[in-house]
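J.: Dropping the structure in here first, questions after.
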Amino acid sequence: MTARIGVVTFPGSLDDRDAQRAVRLAGGEPVALWHGDADLQGVDAVVLPGGFSYGDYLRAGAIARFAPAMAGVIEQAGRGLPVLGICNGFQVLCESGLLPGALTRNSHLHFVNRDQGLRMEGVGTAWTRGYQAGQEIVVPVKNGEGRYVASEVVLDELESSGRVVARYTGSNPNGSSRDIAGISNLAGNVVGIMPHPEHAVEDLTGPGTDGLGFFTSVLEALVTA
Amino acid sequence: MPAYEVVVDVMLKPEILDPAGQAVSNALPALGLPAAASLRIGKHVELSLDAADQTDALAQATAMAEVLLSNPVIEDFRVRLA
C-alpha cells in the first residue's frame, strides 16, 4: 500500500502543488485536501504548504489556523499524525499552538529568496529521520516573515530536548533566534520548517535533491509504524 | 441590544524586535523631521458590535483579541471604548 500524504490548500497557498510533486517523487501518493473540508480522507500524514494563505492578513497563518481542515489536523496531530508545516505552514502550526513560538518580520525587512545552507540537527522526527545529525544540505528559502522567535525559556527547552530540527548555516536569512530554521513538537510527529524542501527534489528545478529526505523520511516512518 | 464602538490596539511585546518601526524611525531625520527616541508600529482595530452594556462590549472585544486579533506569544493588546 502506498502511503497517502495529504497536502492542504488554503486560499493563497502557493506551493501546494510542489509539495504534492515532492510526495510523488518520494514514492508516496499525494492527496489534495481543501481547507474548507473537515474530512482529511484518512491520510497517513499531512503537509501544510508554503504561500500566503489569506494574504497574510492580520498575521501570517492567523486565519488559516481556523480552517475546517485544521480542526482535524490539530486533533490527529495530538494522536501522532505526522504533520509538516513548510514556511506559511510553519506559521499556521505556530498560530494553532501545535508548535511553540512565532514567526515574525525578517529583521532586515527584505523578502529573501535564495538557496540556503542548513544543518540538520533533530533527526529523530518522522520527517527528518532519513538525515544524519550534523548533515549539511541546501534548500531554497523564500520568506518575508520567517524570523522565528520564542522566549528564552522556550528556546532553551527546544535546544535541550533536541527539538531544533534544522539551523541556518552561513548567513541567517531572516534573523531567527539562534539561527533556528525548523523545530518539532516533543513527540516528533509535528515539524515546522521555514525553508522549502519541496523545492529541492529535482536537479532540474532546484539546487539539488537535498529536500527529498523530508518526504522519504515520513514514508519510511509510516512503513515502520 | 445597543451598539458599541470598541477599539483594540495590538502591539508587539516590548522585547520583540520591530524592524518596520526602526526603519520608519530612521527615515525621520532624512525628511527633516524631529528624531523619535522610540517608534513601534502596531495594529489599530475599530469594532462595532451589539452588547448588553459597556462591560459586555469590552468583554466581547477582549475575547476577539485573545482568540484572533492578537497573538499572545508576540503581542499585547488593549481594549477600550471608542
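From first to last, the protein sequence lines stand for chains A and B. If you use our numbering, the first sequence corresponds to residues 287 to 511, in order. If you use our numbering, the second sequence corresponds to residues 114 to 195, in order. Glycine included, every Cβ here is placed at the ideal spot set by N, Cα and C. These numbers were taken from a predicted model, which means no experiment stands behind them.
With burial defined as no fewer than 16 other Cβ atoms inside 10 Å of the residue's Cβ, what is the status of residue 497 of chain A: buried or exposed?
T.: Residue mapping note: residue 497 of chain A aligns to position 211 of the first sequence, counting from 1. So residue 497 of chain A ends up on the buried side.
J.: Name the chain A residues whose beta carbon is nearer than 8 Å to that of residue 129 of chain B?
T.: Locating residue 129 of chain B in the second sequence gives position 16, counting from the first residue. Correct list: 390, 435.
J.: Would you call residue 449 of chain A buried or exposed, if buried means 16 or more other Cβ atoms sit within 10 Å of its Cβ?
T.: Counted from its first residue, the first sequence places residue 449 of chain A at position 163. With 16 or more other Cβ atoms inside 10 Å of its own Cβ, residue 449 of chain A counts as buried.
J.: From what residue to what residue does the alpha helix (DSSP H) around residue 309 of chain A run?
T.: Locating residue 309 of chain A in the first sequence gives position 23, counting from the first residue. From DSSP, the alpha helix (DSSP H) with residue 309 of chain A extends over 302-312.
J.: How many Å lie between residue 149 of chain B and residue 141 of chain B at the Cα?
T.: Here residue 149 of chain B refers to the residue found at position 36 of the second sequence. Here residue 141 of chain B refers to the residue found at position 28 of the second sequence. Their Cα atoms are separated by approximately 8 Å.
J.: Within the same chain, show all residues whose beta-carbon is closer than 8 Å to that of residue 135 of chain B, passing over the 5 residues directly before and after it, in chain order.
T.: Counting from one through the second sequence, the residue named residue 135 of chain B turns up at place 22. In the same chain as residue 135 of chain B, and ignoring 5 residues on each side of it, the C-beta atoms closer than 8 Å to its own belong to 152, in chain order.
J.: Taking only the alpha-carbon atoms, compute the straight-line gap between residue 155 of chain B and residue 434 of chain A and give it to the nearest angstrom.
T.: If you number the second sequence from 1, residue 155 of chain B lands on position 42. If you number the first sequence from 1, residue 434 of chain A lands on position 148. If I take the Cα positions, the gap works out to 19 Å.
J.: Is there a Cβ of chain B sitting closer than 8 Å to that of residue 395 of chain A, yes or no?
T.: In the first sequence, counting from the first residue as 1, residue 395 of chain A sits at position 109. Yes, residue 395 of chain A lies at the interface with chain B (some Cβ there is under 8 Å from its Cβ).
J.: Quick check on residue 362 of chain A: does DSSP put it in helix, strand or coil?
T.: Stepping through the first sequence from its first residue, residue 362 of chain A is reached at position 76. Here residue 362 of chain A sits in helix by DSSP.
J.: Classify residue 502 of chain A: buried if its beta carbon has 16 or more other beta carbons within 10 angstroms, exposed otherwise.
T.: Start at 1 with the first residue of the first sequence, and residue 502 of chain A comes out as number 216. Counting Cβ neighbours within 10 Å, residue 502 of chain A comes out buried, since at least 16 surround it.
J.: Whole angstroms are fine: how far does the CA of residue 395 of chain A sit from the CA of residue 133 of chain B?
T.: As a working mapping, residue 133 of chain B is identified with position 20 in the second sequence. As a working mapping, residue 395 of chain A is identified with position 109 in the first sequence. In this structure, the straight-line span from the alpha carbon of residue 133 of chain B to that of residue 395 of chain A is close to 7 Å.
J.: Could you have a look at residue 189 of chain B and say whether DSSP puts it in helix, strand or coil?
T.: By one-based count along the second sequence, residue 189 of chain B stands at place 76. Strand at residue 189 of chain B.
J.: Beta carbons nearer than 8 Å to chain B: which residues of the segment 355-385 of chain A have them?
T.: 380, 381
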